[in-house]
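The block underneath contains the structure these notes are about, expressed in structure tokens.
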Ligand code: HEC
Ligand code: HEC
Ligand code: HEC
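In the working numbering, the protein residues as written are 1 to 429.
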């Protein structure tokens, strides 16, 4: 009886394993065994250099102070750290022996040249929508870089996440190779924007939110916001007017935000400042307009109900005092911000600012604790910085400040416990 049960269980396991293996091979054309690395044309290389900006490949594939694209930067996940590899054409440690087919398979199917399944810290669930032509251009560009000999760092993942079997199950559940399907009744600009946002721009990798197994919902099409794992920054919903929605912004302001890092209604912070710095500031005006057209057309969700819990009057009083002492010099006594005579934003206004009112208040706390810089861009070459207050103010003081600023703007209180939790994340991030 027992043996029969064991046999049955084994058979079921084998069937499941076969199913998972089959799901992991979906749509994969066999790789030609004799395919050789090939150099691209000058126009492919130029196109690839531009697309590498659109995908911000260098941001993850460059270690701090290391050679560009030579890998070694760790991406922290709740399951451990995944190290981005060497993309330079070194034959031993980089992509020197890869064929264009193998490169395409990595981008489109998330499988390395040696057949290994890749972790989705590499945003291939988004890159799977990139066209073969664009993949070939990226490949040509990477092959044109100076070869850097730098062996890849092994990932530091916890068991069982470190196994290919666990990754295969994850992929069977959450990953489908896809392609970008143009919507004929939308404008060419909208379609171009959709291709960039959902593909190389991998906006959903942050703005989509992730489930407890690290997957972005709706196959990476959702942009409805989420906390970035391990970094404690909140990537706000791009489809909500009270978060990061831009439906009611003039197109030119959206373009300015992505190009310069500042726009009349605010500047970019933290991880978004990195996106502007490494990626969107380098994009052509027509592509930025296309992204703006797509973002502006996203169906908007109703704003969430404001948190109407009243704040403790003593906390509000403490917050008001702290603001006058620590913040008013730059942000203005009436939280109105300051501009240069030429109209350049020096210090953002805090009243009516979505960073202040947004739920959850993670970014408000993060920016007070860690300070920050707007990215240096051609349109804003010498941005002012905000000093970090994490050492000067304790959790209760930061909570009081945040609570008072939010109360002025109709949003609910922040507790010292919330501040303590948000403080935990790495200062550099
Ligand atoms: C958000 C961070 C991130 C971005 C952005 C990113 N990558 Fe990666 N990439 C990774 C990580 C992490 C890995 C390692 C995955 C693994 O080994 O399982 C990786 C792996 C790869 C691999 C497979 C390397 C190998 O040895 O198997 C290729 C090819 C690659 N990336 C190309 C690119 C290109 C091209 C871009 C830009 C279009 C890009 N990546 C953007 C994080 C990133
Ligand atoms: C690495 C994570 C990450 C990626 C990738 C990312 N974002 Fe963001 N984004 C954020 C975070 C965090 C914020 C909130 C901080 C802030 O207000 O700048 C943000 C804010 C924004 C805002 C609101 C800014 C404001 O001032 O109101 C817009 C618009 C935006 N992102 C668009 C995009 C687009 C378009 C893409 C893809 C091209 C993208 N983001 C990719 C993390 C990311
Ligand atoms: C020395 C000047 C200075 C002081 C003092 C200062 N800030 Fe800032 N603050 C800035 C600058 C510059 C920025 C824009 C930098 C950025 O976005 O990274 C900023 C950004 C912010 C933001 C994000 C707003 C947005 O639209 O992105 C908030 C919130 C904020 N400050 C709150 C505070 C609070 C609260 C205090 C007091 C504890 C304070 N600041 C003190 C200069 C200052």
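Using N, Cα and C, we set each Cβ at its ideal position, and we do this for glycine too.
Given the structure is predicted, the values throughout are model-derived calculations rather than measurements.
Closer than 6 angstroms: residue i CB and nearest ligand 1 heavy atom
i: residue 118; result: yes
i: residue 203; result: no
i: residue 24; result: no
i: residue 66; result: no
i: residue 178; result: no
i: residue 63; result: no
i: residue 379; result: no
i: residue 75; result: yes
i: residue 211; result: no
i: residue 138; result: yes
Residue i and residue j closer than 7 angstroms at C-beta
i: residue 207; j: residue 157; result: no
i: residue 45; j: residue 140; result: yes
i: residue 230; j: residue 76; result: yes
i: residue 319; j: residue 411; result: no
i: residue 343; j: residue 260; result: no
i: residue 258; j: residue 288; result: yes
i: residue 210; j: residue 226; result: yes
i: residue 199; j: residue 129; result: yes
i: residue 29; j: residue 82; result: no
i: residue 126; j: residue 61; result: no
i: residue 108; j: residue 177; result: yes
i: residue 298; j: residue 375; result: no
i: residue 223; j: residue 205; result: no
i: residue 361; j: residue 414; result: yes
i: residue 397; j: residue 322; result: yes
i: residue 417; j: residue 232; result: no
i: residue 145; j: residue 48; result: no
i: residue 26; j: residue 279; result: no
i: residue 356; j: residue 390; result: no
i: residue 364; j: residue 311; result: no
i: residue 262; j: residue 345; result: yes
i: residue 143; j: residue 39; result: yes
i: residue 150; j: residue 58; result: no
i: residue 395; j: residue 420; result: yes
i: residue 152; j: residue 85; result: yes
i: residue 24; j: residue 168; result: yes
i: residue 281; j: residue 163; result: no
8 angstroms contact criterion, which residue i and residue j should meet: CB distance rounded
i: residue 55; j: residue 63; result: Going by Cβ atoms, the distance from residue 55 to residue 63 rounds to 18 angstroms, so no, they are not a contact pair.
i: residue 148; j: residue 67; result: 5 angstroms
i: residue 36; j: residue 112; result: Between residue 112 and residue 36 the Cβ distance is about 18 angstroms, and since that is not below 8 angstroms, they are no contact.
i: residue 349; j: residue 335; result: 6 angstroms
i: residue 20; j: residue 166; result: Not quite, the Cβ-Cβ distance comes to about 10 angstroms (not below 8 angstroms), so this is no contact.
i: residue 78; j: residue 214; result: 7 angstroms
i: residue 313; j: residue 241; result: With 8 angstroms as the limit, residue 313 and residue 241 do not qualify as a contact, their Cβ atoms being about 31 angstroms apart.
i: residue 386; j: residue 371; result: 5 angstroms
i: residue 80; j: residue 161; result: 6 angstroms
i: residue 354; j: residue 347; result: Rounded, the Cβ-Cβ distance is 16 angstroms, inconsistent with contact.
i: residue 409; j: residue 351; result: 6 angstroms
Residue i CB to nearest heavy atom of ligand 2 below 6 angstroms
i: residue 235; result: yes
i: residue 78; result: no
i: residue 422; result: no
i: residue 271; result: yes
i: residue 363; result: yes
i: residue 327; result: no
Ligand 3 heavy atom lying under 6 angstroms from the CB of residue i
i: residue 146; result: no
i: residue 353; result: yes
i: residue 373; result: yes
i: residue 275; result: no
i: residue 122; result: no
i: residue 266; result: yes
Contact with chain D by residue i, beta-carbon distance below 7 angstroms
i: residue 258; result: No chain D is part of this structure, which consists of one protein chain only.
* Only counting runs of 4 or more residues, tell me where the alpha helix (DSSP H) segments fall wholly within the stretch 165-224, in order along the chain. => Every alpha helix (DSSP H) of 4 residues or more that sits fully in the stretch 165-224 is shown, in chain order, as 188-198 and 204-207.
* To do: May I have a chain-ordered list of the alpha helix (DSSP H) segments no shorter than 4 residues that lie completely inside the stretch 282-347?
  => If only uninterrupted alpha helix (DSSP H) runs of at least 4 residues are considered, those enclosed by the stretch 282-347 are 285-297, 313-326 and 328-331.
* Pick out the complete beta strand (DSSP E) segments inside the stretch 93-130, 3 residues or longer, and give them in chain order. => Secondary structure within the stretch 93-130: not one fully enclosed beta strand (DSSP E) run of 3 or more consecutive residues is present.
* At what residue ranges does the stretch 369-402 contain a whole run of the alpha helix (DSSP H), taking only runs of 4 or more? -> Runs of the alpha helix (DSSP H) inside the stretch 369-402: none found.
* Using 8 angstroms as the Cβ pair cut-off and three pairs as the minimum, do the stretch 285-293 and the stretch 246-255 touch? -> These segments touch.
* Asked: Are the stretch 126-137 and the stretch 81-92 touching, with three or more C-beta to C-beta distances below 8 angstroms?
  -> Between the stretch 126-137 and the stretch 81-92 there are fewer than three inter-stretch CB-CB distances shorter than 8 angstroms, so the stretches are not counted as touching.
* **Entirely enclosed alpha helix (DSSP H) segments - the stretch 128-153, minimum 4 residues** => Counting only runs of 4 or more, we get 132-143.
* Inside the stretch 236-282 only - alpha helix (DSSP H) runs reaching at least 4 residues -> Listed in chain order, they are 251-260 and 270-278.
* Residue ranges of each beta strand (DSSP E) within the stretch 33-105, 3 or longer -> Listed in chain order, they are 74-77 and 80-83.
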